[in-house]
Structures are given as C-alpha cells and as structure tokens.
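In the numbering used here, the protein residues as written are 1 to 512. For glycine and all other residues, C-beta sits at the position ideal for the given N, C-alpha and C. These notes are about the structure you will find just below.
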Ligand code: B12
Ligand code: SF4
C-alpha cells in the first residue's frame, strides 16, 4: 500500500524535541488511512548519514509515494543532500519540503531540481490533499491551496490554505515517535535525569510584534485546545513514558486567565505531579492575582520563557511589542516571589537602534539579574527579519541580495558557517556591524556563564556546587566594579580577544 515517509534532522546539541509539525501531519494522514513513517536523524549540521542509515532508508522506500522534509534554515544542507540522494535512487518519488524555510522562500525552494513540491504554512490540509492526488496519479495540483509546484518548468504558487481546525485536532499518535522519545527526550534537573515530553496546546497569537514569525506561520487567530484534551494527553504521556517534565508548545498559553486557571485546577485535581513550562508575555503579570500565581506554582509551573526583546522604550514601541521595561521588571519580581524561574530573551540589530538603545538593553539585563541570580537571561540574539513579516516590509531597504535571490544551495552553504545563518554585516541598516557582533558575542557570556551558574545549579546541580558558585558570585559582586568587570572580561573573552580587541574595548568603554 502506498505510504509516506517524513524526515527530520535534529541537532545533536539540542535537548531532543519531538518534530511536532510532522507528528501532527502524520496523525492526520493516518486518520485518512495513509500509512506514514517518521525518520529522525540526530546529526551535526554537516554530518552525513552512516552506511547503515542509508541501507535502512533504502529498505524504507518500498511503496513510498512521497517523502516530506521539515526544514528550518539550519536544516537545509542535510535535507538537500538527502533529497538529492532520494531523487537519484527513485526518480518517480515526489519530494515535498515544508516548515519555516520553505514557507519564507517558497519559490526559491521549489526552483531546486531536487524538490518537487513546497507546502506553505500549516501542512496538515494541503499535504493530505497532495498525497491523495499523488496516490490517485492525478495532476490537478492547481486545486490544492497552500501548494507550490512546477508546471512546464515554471514555479507556480497557489493561494494560501484555510487554517486547520486545531481546536478539535486529535491527540497525536505517539506510536510514530515512540522510539525517538524513549531514546532521546530527557531533561536534567537538580542532578537527576527525567523524561521530557511536549504537548502542543495552541496556535496563533493576536499580538502585533512586527518581528514575529508566528503571524506568518499560524496567523493572528488564536486556536486553543480544550483543557480536557490537553490533560488527557498529559495523562497519556505520564503513563506511557513517565513524562514528568512537560513543555507546553504554544505562542500564548497564558492569554486567557480563566482558561489558565481551569488548566491549573484540573492538573491539581488529577494529581499528575508534573513540572511544566511554557512562554508568557510580561503584561500577563500586570493584574495577576496572588491566587493565580499560587495555583500556577502548585500545579507544577516552574519556569517561564518571557520575550523581553529590548530595554529601550523606543525600540519596544517601534517593534510594537506592547510592553515596557517596567512591566518586565515587575514580572521578574512576581515570578521570583512564587519561585518560578523567568527566562528573558533579548534581541539586537533592530533598525534605528543606536548605542543608547543597546545600553538600555544591557542595563535592563543587569536590572533583571539583580532581582535574583535565578533570573535567567538569553541573548541578545541578532534580529532575523522574515519576508512576509511586518518588520521586513517596514524596512523598505534593498537587501534582496541577501534574501531574495538566494538559491537553496547558497542557503545551504551559509548555514554551514553560522547556526543563526546571518551576520550583522548582512543587515544593511546596521551602521556598526562589528559592534553588534561583539554585543551578540560578549553580552550573553557576561550574563549567562558565570553569573548564570546559580540558575544552572538550581536546575541541575547539587548543594555543594551551589554554595561554591554563590560564594564566587558574592565575591565578584562585592568587589569594586572594575575588579568584577575585569574578571568577567578575562574569563569570558580570552578566546575572542585576539581578533576583536579593538571592539571589545570599544564596547567595554561605551556600554560597559
Ligand atoms: C520549539 C522550537 C525549537 C525546538 C524544537 C524544534 C522542533 N523539533 O520542532 C528546538 C529548541 C530544538 C529548536 C531549535 C532551533 N531553532 Co527553533 N523554534 C521553536 C519554535 C519556538 C516553535 C516550533 C514549533 O513547535 N512550532 C509548532 C509546529 C506545529 O509548527 P512547525 O514545526 O512549523 O510545523 C508546521 C508547518 O511549518 C508545516 N510543516 C513543518 N514541516 C513540514 C514538512 C512538510 C513536508 C510539510 C508539508 C509541512 C510542514 O506544517 C506543520 C504543522 O502545521 C519556533 C518558532 C515558531 N513559531 O515556529 C522556533 C524556530 C523554528 N526556531 C528557529 C531557530 C533559528 C532554531 C535554531 C537554529 C536555534 C539555534 N540553535 O540557534 C535551532 C535549530 C534546530 C535544528 N534542528 O536545526 C527559528 C527558525 C528560523 C528559520 N529561518 O528557520 C524559529 C522560527 C524561531 C524564530 N522566530 O526565529 N527550536
Ligand atoms: S506576543 Fe510573542 S507570539 Fe505573540 S506576536 Fe508577539 S512575539 Fe509573536
């Protein structure tokens, strides 16, 4: 019977997450009686498959009608090598690419000779239609919304597909990723290894942040799964894998307080004894009641990912984040009070961002950290503008050389050099790329290594190492500013200092 193969490349260094997008599409395929297999490869970005893996893949190809790849920009190279291999092996096989990169650059991806189809945005509906058409050997591709295909050598893009009824989506079929979860998904907490699982709770976010990809992928319409269905899935994962550390994959799980309250109450009633985390917005804490915070804590919430983006009011306004530094500080104080670790992520490289804005970001990072050493900071990461996003459109500058005219092969080689595949010098509105490079490089080291150790220890370590690092932290913060700074600079910058001395110095003097 005709079947489908899905392929996903994981980074060796990442905590191993289930490929949820593929799992959802595969679950829908099975509901439509189309057999499917998901193959997960855990590889470095330029690592090839082993001989055994190639052999196993060859055996999997019997009766396969199409192979789907889920591709972020960092996964292009590996996916391209394998697409090429499969095309050579079985030329009638349809190769389909979907996910973030093909959604952003559908034409350039579909133009590649090793890719037959691209699915833009959500894949569930278009992919099922495409597979059914391939099985029936019909070729009415123009009828499939969300599909990009080749017609007489030209790339044709159909209108977008309707959004999936995610609210009523079935619980994913975990049989399809069972071996992967058992072998790879772990979470380390306070010196112990736990099973780590994820539940996809909602799609879409009504906020208007101009840099955000979610608007492009899932739209502004919020679609939350019913609490009962989420709890049923958690129970299943708890029983099947003893999954006690659960990440809720969502853009805005905290959007409606009564929904959140219902979730916490039901979790407590079911006595599932899990630890869970997700992302939240800083304005959630504006009028949160002590009762809800206590409920969150009691239900097992122990960590929240909060987008801070910038410490500059000007930039926050410009990117329409609709939060202020004050709200961020308030959110950290409340989280710390209820023993929930907040993790703030920052960005830099925004259009119109000047030295004062960067200083404001570093100042806010320090301020948040001063609330408690357990507050965690990530970034500032370099801004990645996305075609189709509002910030990209607003830029109105010509940087098409970097984006638009780039072939898949060119993207594949770019990503070899950088995990984030973009350098400050690629973004023409950045006036001093070297300075931004240094900020992206040195600020996370300043905030996330030595100073962040208590956070790591709280999560992963034992009491002895905790006491040691609190001692070091106290020593460094109690000495004169210059001693602390020199020590941190020395510890974290030694390896980079040779090539960037001038700029480290500049940023130290200007921003330190
Ligand atoms: C959770 C997450 C992770 C997790 C898990 C990734 C995983 N296995 O799914 C981890 C921590 C591992 C991770 C790692 C990285 N991530 Co990440 N991550 C996310 C995040 C926050 C959510 C992804 C998600 O779960 N979406 C929900 C699912 C349902 O959506 P989906 O996977 O996109 O799938 C749907 C469609 O895209 C489509 N689809 C997907 N695949 C396919 C395949 C086919 C054949 C078809 C037809 C359709 C299709 O249908 C699916 C269902 O509707 C996104 C932000 C975002 N909103 O996308 C960033 C994001 C995807 N990550 C990003 C980045 C940059 C990274 C890293 C490079 C970070 C780093 N190291 O610097 C690594 C790369 C990992 C790798 N393997 O190479 C970027 C990608 C940008 C880009 N241009 O590619 C994003 C968009 C964040 C951002 N705003 O910049 N990430
Ligand atoms: S709140 Fe988060 S998910 Fe929603 S638009 Fe802003 S950045 Fe995107």
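Check: residue i C-beta below 6 Å from any heavy atom of the ligand SF4
{"i": "residue 146", "result": "no"}
{"i": "residue 207", "result": "yes"}
{"i": "residue 214", "result": "yes"}
{"i": "residue 251", "result": "yes"}
{"i": "residue 307", "result": "yes"}
Other residues of its chain near residue i: CB distance less than 7 Å, five sequence neighbours each side excluded
{"i": "residue 17", "result": "198"}
{"i": "residue 28", "result": "124, 128"}
{"i": "residue 367", "result": "329"}
{"i": "residue 331", "result": "282, 285, 306, 342"}
{"i": "residue 349", "result": "382, 383, 424, 427, 430, 436"}
{"i": "residue 30", "result": "36, 173"}
{"i": "residue 248", "result": "199, 201, 276, 278"}
{"i": "residue 482", "result": "Per-residue confidence for residue 482 stands at a pLDDT of 49, beneath the threshold of 50, marking its modelled position as unreliable; no derived number is given."}
{"i": "residue 83", "result": "69, 95, 114, 115"}
{"i": "residue 152", "result": "none"}
{"i": "residue 380", "result": "346, 347, 348, 361, 439, 440, 443"}
{"i": "residue 2", "result": "63, 65, 135"}
{"i": "residue 372", "result": "336"}
Residues that residue i bridges to, as DSSP identifies them
{"i": "residue 171", "result": "DSSP lists no partner for residue 171."}
{"i": "residue 224", "result": "202"}
{"i": "residue 246", "result": "197, 276"}
{"i": "residue 6", "result": "38, 68"}
{"i": "residue 263", "result": "Partner(s): none; residue 263 has no beta bridge."}
{"i": "residue 374", "result": "Its beta-bridge partners do not exist; DSSP assigns none."}
Close-in-space but distant-in-sequence residues of the same chain around residue i (CB under 6 Å, 5 per side omitted)
{"i": "residue 513", "result": "Lying before the first or after the last residue shown, residue 513 is absent from the chain, which here runs from 1 to 512."}
{"i": "residue 97", "result": "69, 71, 109, 115, 118"}
{"i": "residue 489", "result": "Since pLDDT at residue 489 reaches only 46, below the 50 mark, its modelled position is unreliable, and the value read off the structure follows with that caveat. Result list for residue 489: empty, nothing under 6 Å."}
{"i": "residue 364", "result": "311, 325"}
{"i": "residue 308", "result": "328, 344, 346"}
{"i": "residue 432", "result": "none"}
{"i": "residue 321", "result": "209, 309"}
{"i": "residue 15", "result": "none"}
{"i": "residue 238", "result": "272"}
{"i": "residue 233", "result": "171, 199"}
{"i": "residue 44", "result": "12"}
Other residues of its chain near residue i: CB distance less than 8 Å, five sequence neighbours each side excluded
{"i": "residue 80", "result": "112, 114, 408, 409, 412"}
{"i": "residue 304", "result": "277, 278, 279, 280, 335, 340, 341, 342, 343"}
{"i": "residue 167", "result": "223, 224, 225, 226"}
{"i": "residue 494", "result": "Here residue 494 scores only 46 on pLDDT, less than 50, and its place in the model should not be relied on; the value that follows carries that caveat. Cβ neighbours of residue 494 beyond the five flanking positions: none."}
{"i": "residue 53", "result": "41"}
{"i": "residue 20", "result": "172, 198, 200, 249"}
Contact test: residue i Cβ vs the ligand B12 heavy atom, cutoff 6 Å
{"i": "residue 17", "result": "yes"}
{"i": "residue 107", "result": "no"}
{"i": "residue 601", "result": "The structure shown does not extend to residue 601, since the chain spans only 1 to 512, so no value can be given for it."}
{"i": "residue 119", "result": "yes"}
{"i": "residue 77", "result": "no"}
{"i": "residue 42", "result": "no"}
{"i": "residue 74", "result": "yes"}
8 Å contact criterion, which residue i and residue j should meet: CB distance rounded
{"i": "residue 8", "j": "residue 38", "result": "7 Å"}
{"i": "residue 169", "j": "residue 338", "result": "With 8 Å as the limit, residue 169 and residue 338 do not qualify as a contact, their Cβ atoms being about 32 Å apart."}
{"i": "residue 299", "j": "residue 264", "result": "4 Å"}
{"i": "residue 319", "j": "residue 272", "result": "Between residue 272 and residue 319 the Cβ distance is about 38 Å, and since that is not below 8 Å, they are no contact."}
{"i": "residue 163", "j": "residue 26", "result": "Rounded, the Cβ-Cβ distance is 19 Å, inconsistent with contact."}
{"i": "residue 61", "j": "residue 89", "result": "7 Å"}
Contiguous alpha helix (DSSP H) assignments of at least 4 residues, all confined to the stretch 274–354
290–299, 313–318, 325–337
Quick check on the DSSP output: what are the complete alpha helix (DSSP H) runs of length 4 or more inside the stretch 90–171, in order along the chain?
100–104, 106–110, 124–135
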